[in-house]
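Colleague: For reference, the structure I am asking about is given below.
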Amino acid sequence: MVGTRVVVVDDDTVLAALVCKALSEDGQHAEWARSSAAADIVSKREPHVLVLSWPRDEALAASTCAALKKQGRSLLLVTTADRRMSTTRAIFDAGADDMLRKPFAIAELLLRVRALGRRGPGLRERPLRAGRIEIDPEARSMTVDGKPVRLTQREFLLIKHLVTQAGRVVSRAELARAVWGGSAPPSNVVVAHASHLRTKLGSAGAQLRAIRGAGYLLDCEEAS
384 MVGTRVVVVD DDTVLAALVC KALSEDGQHA EWARSSAAAD IVSKREPHVL VLSWPRDEAL
444 AASTCAALKK QGRSLLLVTT ADRRMSTTRA IFDAGADDML RKPFAIAELL LRVRALGRRG
504 PGLRERPLRA GRIEIDPEAR SMTVDGKPVR LTQREFLLIK HLVTQAGRVV SRAELARAVW
564 GGSAPPSNVV VAHASHLRTK LGSAGAQLRA IRGAGYLLDC EEAS
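Positions 384 to 607 (the working numbering) are the ones given, in order, by the sequence shown.
Structure, rendered in structure tokens:
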């Protein structure tokens, strides 16, 4: 289940950051969204798994849950501190695939996300595009202007993460976790791989920009 896309929907920024960090270190591609921006991000990223903190307003919670489920085929894990049976019923009636009580152990959340990520063949990853670059996660291949470009395994994981985060500055540390998992190398190794990748992109390499002191940005708008 390496590479499962997960969107964490939670307005508690501290908890969301902790969950996203743990998911990334576990080998997943995690992204955080406030509840107000969740529908847009889910539509763009098409995550395999949604981790949603159940809002206190039950009517809002149910409508949010239903709206997110309609965005695609994402499996939904709801977290809540509410222990009432009526809330449990509302959560599953709204389309949740699993539920986890707060406070929860991060290790248990990771186990549940992994289990959801293993469910069925229906979650086939679609090709992803950023400007002139397109990757096929299933075939683990990349094309530039429709022409195939041969990549090493590390280079593919690197460009895949950059494409999924296109338009956002990604730190070297985040890239290291996405490509090497828990055994992240020194930052100069990330720099070297990014440089090799940029060369292989040819003229489309202009899309991949090094942001001094911050990381890398894959620009969707760069056409040449």
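Built from N, CA and C at the ideal position, the CB exists for glycine as well.
1) Output yes or no for whether 8 Å exceeds the beta carbon distance between Leu-540 and Val-432.
2) Measure the alpha-carbon distance for Ala-416 versus Leu-451 and round it to whole angstroms.
3) Rounded to a whole number of angstroms, what is the C-alpha to C-alpha distance between Asp-528 and Leu-458?
4) Would you decide whether Met-525 is buried or exposed? Buried here means 16 or more other CB atoms lie within 10 Å of its CB.
5) If we count Cβ pairs, one from each stretch, closer than 8 Å, do we get three or more for the segment 483 to 496 versus the segment 417 to 427?
6) Write down every uninterrupted run of the beta strand (DSSP E) in the segment 559 to 601 whose length is 3 residues or greater and which is fully enclosed by it, in chain order.
7) What whole-angstrom Cβ distance do Leu-558 and Tyr-599 have, given they're in contact under 8 Å?
8) Quick check on DSSP: helix, strand or coil for Ser-554?
9) Once the 5 residues before and after Asp-393 are set aside, which same chain residues still bring their CB inside 6 Å of it?
10) State yes or no: is the C-beta of Ser-418 within less than 8 Å of the C-beta of Thr-447?
11) Need the endpoints of the alpha helix (DSSP H) that Ser-469 sits in, please.
12) Quick check: is the beta carbon of Asn-571 nearer than 8 Å to any beta carbon in chain B?
13) Please tell me whether Asp-602 and Gly-514 are closer than 8 Å, where the distance is taken between their beta carbons.
Modeller: Walking through what the data contain:
1) Here residue 540 refers to the residue found at position 157 when the sequence shown is read from its first residue. Here residue 432 refers to the residue found at position 49 when the sequence shown is read from its first residue. Taking 8 Å as the Cβ cut-off, Leu-540 and Val-432 do not qualify as a contacting pair.
2) Here residue 416 is taken as the residue at index 33 of the sequence shown, counted from 1. Here residue 451 is taken as the residue at index 68 of the sequence shown, counted from 1. Taking the straight line from one Cα to the other gives about 12 Å.
3) Numbered from 1 along the sequence shown, position 145 holds the residue referred to as residue 528. Numbered from 1 along the sequence shown, position 75 holds the residue referred to as residue 458. Cα to Cα, the separation comes out at about 33 Å.
4) Working through the sequence shown from its first residue, we reach residue 525 at position 142. Buried.
5) no
6) 591 to 594 and 598 to 601
7) The residue you call residue 558 lines up with position 175 of the sequence shown. The residue you call residue 599 lines up with position 216 of the sequence shown. That belief holds up - the Cβ atoms of Leu-558 and Tyr-599 are roughly 7 Å apart, short of 8 Å.
8) Sequence index remark: in the sequence shown, residue 554 carries index 171 (1-based). Ser-554 falls in the coil class under three-state DSSP.
9) For this step, residue 393 is matched to residue 10 along the sequence shown. Ala-399 and Ser-436, listed in sequence order.
10) For the purposes of this step, residue 418 is taken as residue 35 along the sequence shown, with counting starting at 1. For the purposes of this step, residue 447 is taken as residue 64 along the sequence shown, with counting starting at 1. A contact, by the Cβ cut-off of 8 Å.
11) In the sequence shown, the residue the question calls residue 469 occupies position 86. Element bounds for Ser-469: 468 to 476.
12) Given the protein chain composition of this structure (a single chain), no chain B is represented.
13) Stepping through the sequence shown from its first residue, residue 602 is reached at position 219. Stepping through the sequence shown from its first residue, residue 514 is reached at position 131. In this structure, the beta-carbon distance from Asp-602 to Gly-514 falls below 8 Å.
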